[in-house]
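A short write-up of the structure that comes next.
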Amino acid sequence: MPGNDAPSFPAAHRTWWRAPLAATLPGLPLLALEYRWFAAQDGPGAFSGVLFWAAGLIALAWVLPRRRPLRGLRITAAGTGLGCALLPVMFAVLLGAAVASG
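Numbering (the numbering used here) for the sequence shown: 179 to 280.
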């Protein structure tokens, strides 16, 4: 409209919340369990960076602007955060399988 000096911002994407929610539902309880498990063992040790990265990337997926061009970045942050949350558990499972196989 002529004379309208208000800045125009892109509309928020309608399904912006799906990727962060899909990463948060399994990732957040898993991070809490891993933190309790590592805290009981006198600190996270070698996996402390992975746990902090996982929490930070999942949080980043939620706080990114809700515009459509950032959808790929939001999905990448959520997926990488979930992968980092799964890393200590998968390492323990693979180590247990290797030890059990002989």
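Every residue gets a Cβ at the ideal spot worked out from N, C-alpha and C, and that includes glycine.
Taking G259 as the centre and dropping the five residues before and after it, the same chain places the C-beta of A201, G205, A232, L235, I236, A239 closer than 7 Å to its C-beta, in chain order. In the three-state reduction of the DSSP assignment, L242 falls in the coil class, being assigned neither a helical nor a strand state.
It is roughly 29 Å from the alpha-carbon of L208 to the alpha-carbon of R246. Within its own chain, the residues whose Cβ lies closer than 6 Å to the Cβ of P198, once the five positions on either side in sequence are excluded, are A239, W240, A256, listed in chain order. For P204, the enclosing alpha helix (DSSP H) begins and ends at 196-218.
Around the CB of R214, fewer than 16 other CB atoms lie within 10 Å, so the residue is classed as exposed.
Its chain contains L248, R252 as the residues whose beta carbon lies nearer than 6 Å to that of L242, once the 5 sequence neighbours on both sides are disregarded; these appear in chain order.
For the 9 Å CB-CB criterion, E212 and A263 form a contact.
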